[in-house]
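Everything below concerns the one structure shown next.
Number of protein chains: 2
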Amino acid sequence: MKTGRPRGFCVENALDRAMDVFWRKGYQGASLSDLTEAMGINAPSLYACFDNKEGLFRAVLDRYEAAGKGFLQEVLDAPTSRASAEIFLKGVAARATDPDNHPPGCLLLQSGLAGEDQRIPNELARHRAEKELALRERFACARREGDLPQSADPAALARYLVTVANGMCVQASAGAQAEELQMVAGLALAAWPTSETAKRGKKEKHKADADG
Amino acid sequence: MKTGRPRGFCVENALDRAMDVFWRKGYQGASLSDLTEAMGINAPSLYACFDNKEGLFRAVLDRYEAAGKGFLQEVLDAPTSRASAEIFLKGVAARATDPDNHPPGCLLLQSGLAGEDQRIPNELARHRAEKELALRERFACARREGDLPQSADPAALARYLVTVANGMCVQASAGAQAEELQMVAGLALAAWPTSETAKRGKKEKHKADADG
DNA sequence: GTACATATGTAGCAAGCGGTACAAAAAATG
DNA sequence: CATTTTTTGTACCGCTTGCTACATATGTAC
Chain W
31 MKTGRPRGFC VENALDRAMD VFWRKGYQGA SLSDLTEAMG INAPSLYACF
81 DNKEGLFRAV LDRYEAAGKG FLQEVLDAPT SRASAEIFLK GVAARATDPD
131 NHPPGCLLLQ SGLAGEDQRI PNELARHRAE KELALRERFA CARREGDLPQ
181 SADPAALARY LVTVANGMCV QASAGAQAEE LQMVAGLALA AWPTSETAKR
231 GKKEKHKADA DG
Chain B
31 MKTGRPRGFC VENALDRAMD VFWRKGYQGA SLSDLTEAMG INAPSLYACF
81 DNKEGLFRAV LDRYEAAGKG FLQEVLDAPT SRASAEIFLK GVAARATDPD
131 NHPPGCLLLQ SGLAGEDQRI PNELARHRAE KELALRERFA CARREGDLPQ
181 SADPAALARY LVTVANGMCV QASAGAQAEE LQMVAGLALA AWPTSETAKR
231 GKKEKHKADA DG
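Chains W and B, in that order, are what the protein sequence lines are. Count the first sequence with the numbering used here and you get residues 31 to 242, in order. Count the second sequence with the numbering used here and you get residues 31 to 242, in order.
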C-alpha cells in the first residue's frame, strides 16, 4: 500500500473544474488563483500533483481527448464516408453548443490560437491535426473500397471537414445557436462527392426517365 | 497651426508594428514591453496617443478593418452570389496565408477567442458578425433578383461562408499552405445552391441530350 | 508506540504586468 | 526673448503573476 498522507481531493473532479476555467478564459487568461479557486485546492497541492501550470493544462488536455475519443470512434466506424462526415459535422455542431457540461466552443481553440510563446498553440494544433489524420485515413480507405470516387482527394476532404468543424466552434464561442450550426453542417455536407456507384445509379435513373 | 512639440513617430507605422505583435501573440500575450519595443516608442508616448492597451488594440482593429474594406467591397460587388462566395473564400484563403505583410491566420481570431474578461472576444465577434451581416444582405438581394433559388436561406449561406472562412484562418494559423486552403475553398463552393435559371438551363440541356 | 512518507495551509518570493509622475525637450505664439 | 503647449525619456508605482519554503497534518510500516 502507498504510504504518506492521502490526497484530499479528487483529481478528475479537479481537472474538470480546471478545464472549465481554461475553456472560458484561455490558457494565458486562466490565472493560478482562478484555477486553484475553481479546483478547491491551494497552490502547493496543484504543483505537487501537476508540476506547474503547463503540466496541469496538459493533464486537462489528456482528459479532454479521452472524453472525445468515443465520438471520434463513432465517426470512424460509420458505414460510409458520407455517414462519417455527417456524424462528424452534426456531432461537432451539437457538442460545441451543448449548454450543460461545457462552455460553448472547443477547448482546443478557446484556450489559445496565439500566445506569448508558441508552445501551447502548437500543442493544440497537433491535437487537431491528429483528428484530421484519422479522417484522412478513413477516407483513403473509403476510396480504395469504392465508397468514394477515384477523383476524390482524401486529404482534401479531411481538411475540409476539420476546417468547417473549427469554423463552427468559432461561431459557437461567439454565441451561435445549435440549430444555426446544424444548418451549416447540412450545407457543408452538400459538397460531399458522390461515389461512382451512386453516380451510376443517378445516371441510370436519368436515362430511365428520358427513355420512359 | 497646432502648437506643442510634434510627435516623433508615425502613428500608422506604429499601428502596423503593434498589429503584428497582437497578431502573433494575441491580446493578452502581447505585453506593453513587447508593444513599445516593436513600435519603437516608450510607454508614455503610447499612453498619450492611445490611452491604454485596449485603446491601442481598438486603433489596431480599426486599421485592420480599414485595410480589409476594399476586399469586402469587391466580394459584395461581384455580379452573382456564387461569384461573391468564390471571391470571398478564395480571397480569405489567399490572405490568411500571405507570407509577407502579416502572420498567418486572421487578427480577429488570433488575438483572442477567450480572455480573462470577455470584452475583447466580444468585440472581435462583433467585427466578424458585421461581415456575416453584409454577406447575408448580399444574398437576400440575390434571392429577390432570382440569382438564388427561393428555397435558399441567405442567413444560412452567409453563416456557412464565414464558418468556412474562420475555419480556414484557424488552419492557416496552424501552418496550412495556401494551396491546401484553396482546395478547401473549392470544396466548400461545391455546396453552393444552383439558381432557378441555372437549374432550368441544366434540365433543358439534359432534355436536349436525351432528345438528340 | 516511533519512524517514515506524502499532502496540506500559510505566507511570501522574484519577476513582470499595466500604467504614471516628472522634468527636460521641441515646437508655435507673442 | 519669454510663454505656452505638447511629446519625450527616465525612473518608478502598486499589483498580480507563476511558483515555492516551511512547518504541520495525516496516513502507512514496523
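Using N, Cα and C, we set each Cβ at its ideal position, and we do this for glycine too.
- prompt: Are the C-beta atoms of Gly-59 (chain B) and some chain W residue less than 8 Å apart?
  reply: Taking the first residue of the second sequence as position 1, residue 59 (chain B) is located at position 29. So, interface residue.
Under 8 Å between C-beta atoms of Val-214 (chain B) and Tyr-190 (chain W): Residue 214 (chain B) sits at position 184 when you count from the first residue of the second sequence. Residue 190 (chain W) sits at position 160 when you count from the first residue of the first sequence. Closer than 8 Å, so yes.
query: How close, in whole Å, do the beta carbons of Ile-150 (chain B) and Tyr-57 (chain B) come, if the pair is a contact with beta carbons under 8 Å?
result: Mapped onto the second sequence, residue 150 (chain B) falls at position 120. Mapped onto the second sequence, residue 57 (chain B) falls at position 27. That pair is a contact at about 5 Å.
query: Got a sec? Which residues, its chain only, sit under 8 Å from Val-192 (chain W) by beta carbon, not counting five neighbours each side?
result: Numbered from its first residue, the first sequence carries residue 192 (chain W) at position 162. For Val-192 (chain W), where only same-chain residues beyond five positions count, the Cβ hits under 8 Å are Arg-158, Lys-161, Glu-162 and Leu-165.
message: Quick check on Asp-50 (chain W): does DSSP put it in helix, strand or coil?
response: Within the first sequence, numbered from 1, the residue matching residue 50 (chain W) stands at position 20. Of the three classes helix, strand and coil, the one that applies to Asp-50 (chain W) here is helix, per DSSP.
Contact list for the region 192 to 207 of chain B against chain W, Cβ threshold 8 Å: Within the region 192 to 207 of chain B, the residues whose Cβ lies closer than 8 Å to some Cβ of chain W are Val-192, Thr-193, Val-194, Ala-195, Asn-196, Gly-197, Met-198, Val-200, Gln-201, Ser-203, Ala-204, Gly-205 and Ala-206, listed in chain order.
DSSP three-state assignment for Lys-237 (chain W), whether helix, strand or coil: Translated into positions along the first sequence, residue 237 (chain W) becomes position 207. Note that Lys-237 (chain W) scores a pLDDT of 46, beneath 50, so its modelled location is shaky; the value from the coordinates is reported in the next line. Correct three-state label for Lys-237 (chain W): helix.
- request: Please check if any C-beta of chain W sits within less than 8 Å of the C-beta of Val-214 (chain B).
  value: For this step, residue 214 (chain B) is matched to residue 184 along the second sequence. Cβ-Cβ to chain W under 8 Å: yes for Val-214 (chain B).
query: Can a CB atom of chain B be found closer than 8 Å to the CB of Ala-48 (chain W)?
result: Residue mapping note: residue 48 (chain W) aligns to position 18 of the first sequence, counting from 1. Not closer than 8 Å to any Cβ of chain B, the Cβ of Ala-48 (chain W) fails to qualify, so no.
- request: Leaving aside the five residues before and after Arg-112 (chain W) along the sequence, list all residues of the same chain whose C-beta is less than 7 Å from its C-beta, in chain order.
  value: Within the first sequence, numbered from 1, the residue matching residue 112 (chain W) stands at position 82. Hits under 7 Å: Trp-222.
- request: Output yes if chain B places a C-beta closer than 8 Å to the C-beta of Gly-242 (chain W); else output no.
  value: As a first step, residue 242 (chain W) is located in the first sequence; it is residue number 212 there, counting from the start. With a pLDDT of 32 at Gly-242 (chain W), under the threshold of 50, the modelled position of this residue cannot be trusted; read the value that follows with caution. So, not an interface residue.
query: Going by Cα to Cα distance, which pick from W:Ser-203, W:Leu-137 and W:Gly-34 is closest to Ala-48 (chain W)?
result: Here residue 48 (chain W) is taken as the residue at index 18 of the first sequence, counted from 1. Of the listed residues, the one whose Cα sits closest to Ala-48 (chain W) is W:Leu-137.
- request: Give the secondary structure of Gly-205 (chain W) by DSSP, where H, G and I count as helix, E and B as strand, and everything else as coil.
  value: Sequence index remark: in the first sequence, residue 205 (chain W) carries index 175 (1-based). Gly-205 (chain W) falls in the coil class under three-state DSSP.
- request: Closer than 8 Å by C-beta to Gly-121 (chain B): which residues in its own chain qualify, once you throw out the five before and the five after it? Chain order, please.
  value: Working through the second sequence from its first residue, we reach residue 121 (chain B) at position 91. Phe-101, Glu-104 and Val-105.
field: Span separating the alpha-carbon of Ala-240 (chain B) from that of Thr-224 (chain B)
entry: By 1-based counting over the second sequence, the position of residue 240 (chain B) is 210. By 1-based counting over the second sequence, the position of residue 224 (chain B) is 194. Unreliable positioning characterises Ala-240 (chain B) in this predicted model, as indicated by a pLDDT of 43, which lies under 50. A coordinate reading is not provided.
query: Using 8 Å as the limit for Cβ to Cβ distance, is Glu-210 (chain W) near chain B?
result: Translated into positions along the first sequence, residue 210 (chain W) becomes position 180. Glu-210 (chain W) counts as touching chain B.
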